[in-house]
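Beneath this line is the structure, given in structure tokens, with notes to follow.
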Amino acid sequence: MIRNSWYVAGLSRGFKYELQKKIITALPIVMWRTQEGKVVAFDGRCCHKRFPLWDGKLLDNGILRCAYHGLCYDGDGKCIDIPMQRDFPISPAAQLHRFPVVEQDGLVWLWPGDPANVGDVKPPRIPELADPRYEAVISDPPLRVRANYRLLIENLLDITHFFPLHDGNIGDLANSMIPVGLVEDTVDGNPKVMTTREAKNYKLPPYYQRWFGLDVVDRDHTHGMLGPSLVRVQLRVAPPGKLGTDEETGYILCHTDTPIDDVNLEWHWIMITKAGKRFPPDISMTLAQGMAFEFPEVVAQDEWALAKQQEMLEYSDGFSDGTIYREVNVRSDIGVVHARRVLARMEKAEGHDLFGTPASSLEMAKYAADLTRAK
Amino acid sequence: MKVVVDMKACMSNAQCMMAAPEVFEVREDGLLYILNETPPEELRAKVVEAARLCPTQAITIEG
């Protein structure tokens with residue numbers, strides 16, 4: 001897991017003057033919106049006996065009181081009352097660890113890592129969420145999947161899984177044949193790895209035909225990881241030759257990816273379209289509402305696949321004859337391979353390897369190479 | 001014999017490293033390094049095997 005990154009802790013509208021429990025990168029975190037309107041985040045353990053502070057109480061005067069022995073904390077996480085020891089001064093050590101929080105585009109972002117490492121890194125923007133020319137539907141509550149966070153990123157950067165996983169809704173085999181391009185960049189301090197796919201005179205799979213009211217299109221499809229916490233998908237479709245005109249339609253689909261721990265993630269998907277578009281199969285709905293209504297069928301297939309992959313990641317890679325299981329990356333895995341390099345580098349900087357095979361299998365490959373060299 | 005790798009096609013599978021570690025090395029950074037672009041003739045069998053094993057067919061042998 002990578003702690004030195006911004007992660008979505010929740011939606012702005014979900015934070016009120018009430019205690020919330022969040023586990024992010026295996027850290028217990030208590031959060032609330034103060035009476036002054038600011039979202040704050042602290043270590044979720046009372047400094048006295050580790051009691052979970054989210055089970056405590058916010059008093060009328062802005063003070064958090066632990067439910068166990070009644071230690072009280074102010075909005076800066078500083079202990080201001082130890083009921084059983086009021087005749088002594090309170091030690092400065094009685095202070096909760098504070099996590100940096102930023103509210104942006106209707107989302108609450110939290111940095112679980114060392115605050116000193118934030119530097120110029122900003123939470124990735126989703127500018128359309130703050131732009132009235134667009135409309136968004138956000139899945140809430142978030143999905144929780146028993147899978148390492150990188151599996152969701154890899155799923156999103158490699159859409160050749162649309163066939164067969166999403167065959168019959170958003171996928172078909174033709175989609176897997178579109179050549180893949182790659183763009184790497186850094187945006188607001190976040191590493192970006194983006195795949196690009198362009199196709200002309202492309203016959204849309206069934207759901208896209210219904211959603212956009214189009215059959216054969218020119219299509220431009222990008223999938224971009226922005227750090228470990230956000231993947232932005234942009235699909236532009238239009239009748240042949242009409243991309244960039246008023247006839248263009250499509251969606252922006254952002255996926256937030258917040259590691260709860262090594263084997264669990266939390267995921268909001270955000271369906272964004274231009275405002276004012278209707279959903280062709282049912283014009284009582286906007287396009288964003290209609291797609292968001294049908295999209296959970298697709299997401300359920302991905303959840304199923306991610307949990308299965310996680311299950312298989314937990315078996316040992318070694319066989320008794322000294323050989324090992326190794327993933328075979330094909331050409332369309334270009335986004336996945338580059339994303340793994342970026343994530344592995346970030347994990348390494350914090351003293352970890354990517355969960356699962358990549359690092360260990362490289363070591364095993366080196367070992368096998370050494371054996372070959374010795375022969 | 002000259003070894004040419006299409007680096008855009010290389011997906012760092014490291015199969016080549018296992019077949020011909022004298023010529024190919026995938027390092028911790030996840031990138032492939034060619035240790036010897038013009039390997040001696042006695043390594044030909046290993047290099048041919050490396051090219052055959054490559055899942056993305058990124059290796060070609062000239063000469």
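Protein sequences, first through last, are from chains H and E.
Last residue of the first sequence: 375 (our numbering), numbering continuous.
Last residue of the second sequence: 63 (our numbering), numbering continuous.
Every residue gets a Cβ at the ideal spot worked out from N, C-alpha and C, and that includes glycine.
Only a predicted model underlies this, so the values are computations on that prediction, with no experimental measurement involved.
Once the 5 residues before and after residue i are set aside, which same chain residues still bring their CB inside 6 Å of it?
i, result
"Val-26 of chain E", "Ser-12, Ala-14, Met-17, Leu-32"
"Pro-259 of chain H", "Met-1, Thr-25, Tyr-149, Leu-265"
"Val-101 of chain H", "Val-39, Ala-41, Leu-110"
"Met-285 of chain H", "Phe-279"
"Arg-210 of chain H", "Pro-281"
"Ala-94 of chain H", "Cys-47, Cys-79"
"Arg-232 of chain H", "Gly-224, Cys-254"
"Val-336 of chain H", "Glu-154, Leu-157, Asp-158"
Counting only the same chain and skipping the five closest in sequence on each side, list residues whose C-beta sits under 8 Å from that of residue i.
i, result
"Asp-140 of chain H", "Leu-11, Gly-14, His-268"
"Glu-22 of chain E", "Leu-35, Asn-36, Pro-39, Leu-43, Lys-46"
"Leu-71 of chain H", "Cys-46, Cys-47, His-48, Arg-65, Cys-79, Asp-81, Ile-82, Pro-83, Ala-94"
Any idea what DSSP makes of residue i, helix, strand or coil?
i, result
"His-221 of chain H", "strand"
"Thr-60 of chain E", "strand"
"Gly-168 of chain H", "coil"
"Phe-319 of chain H", "coil"
"Lys-16 of chain H", "coil"
"Ala-14 of chain E", "coil"
"Thr-256 of chain H", "strand"
"Tyr-68 of chain H", "coil"
"Trp-54 of chain H", "helix"
"Arg-86 of chain H", "coil"
"Pro-115 of chain H", "helix"
"Met-194 of chain H", "strand"
"Arg-125 of chain H", "coil"
"Arg-378 of chain H", "A question about residue 378 of chain H goes unanswered here, because the residues of chain H that appear run from 1 up to 375."
"Leu-182 of chain H", "strand"
"Phe-42 of chain H", "strand"
Leaving out five residues on either side along the sequence, give the residues of the same chain with a beta carbon under 7 Å from the beta carbon of residue i.
i, result
"Leu-96 of chain H", "Phe-42, Asp-43, Cys-47, Tyr-73, Gly-77"
"Gly-30 of chain E", "Ser-12"
"Ala-67 of chain H", "Phe-51, Asp-55, Gly-56, Lys-57"
"Pro-191 of chain H", "Gly-227, Val-342"
"Arg-146 of chain H", "Val-263, Asn-264, Ala-307, Gln-310"
Would you give the residue range spanned by the alpha helix (DSSP H) that residue i belongs to?
i, result
"Trp-304 of chain H", "287-313"
"Ile-153 of chain H", "149-157"
"Gln-209 of chain H", "206-212"
"Arg-52 of chain E", "44-53"
"Arg-345 of chain H", "334-349"
"Ala-174 of chain H", "173-176"
Check for me: the beta strand (DSSP E) holding residue i runs from which residue to which?
i, result
"Arg-144 of chain H", "143-145"
"Glu-135 of chain H", "134-138"
"Cys-79 of chain H", "79-81"
"Trp-269 of chain H", "264-274"
"Met-31 of chain H", "27-33"
Compute the beta-carbon to beta-carbon distance between residue i and residue j, rounded to the nearest angstrom, for a pair I have assumed lies under 8 Å.
i, j, result
"Arg-33 of chain H", "Tyr-17 of chain H", "6 Å"
"Val-4 of chain E", "Glu-62 of chain E", "6 Å"
"Glu-103 of chain H", "Ala-275 of chain H", "Between Ala-275 of chain H and Glu-103 of chain H the Cβ distance is about 23 Å, and since that is not below 8 Å, they are no contact."
"Asp-105 of chain H", "Gly-189 of chain H", "About 17 Å separates the two Cβ atoms, so there is no contact after all."
"Asn-61 of chain H", "Glu-350 of chain H", "Contact flag wrong, Cβ pair sits at about 39 Å."
"Ala-9 of chain E", "Arg-331 of chain H", "6 Å"
Give a yes or no on contact between the segment 121-132 of chain H and the segment 197-212 of chain H, applying the rule of three or more CB pairs nearer than 8 Å.
The segment 121-132 of chain H, when compared against the segment 197-212 of chain H, does not touch it at the 8 Å Cβ threshold.
The segment 244-256 of chain H / the segment 172-186 of chain H touching (three or more Cβ pairs under 8 Å)
no
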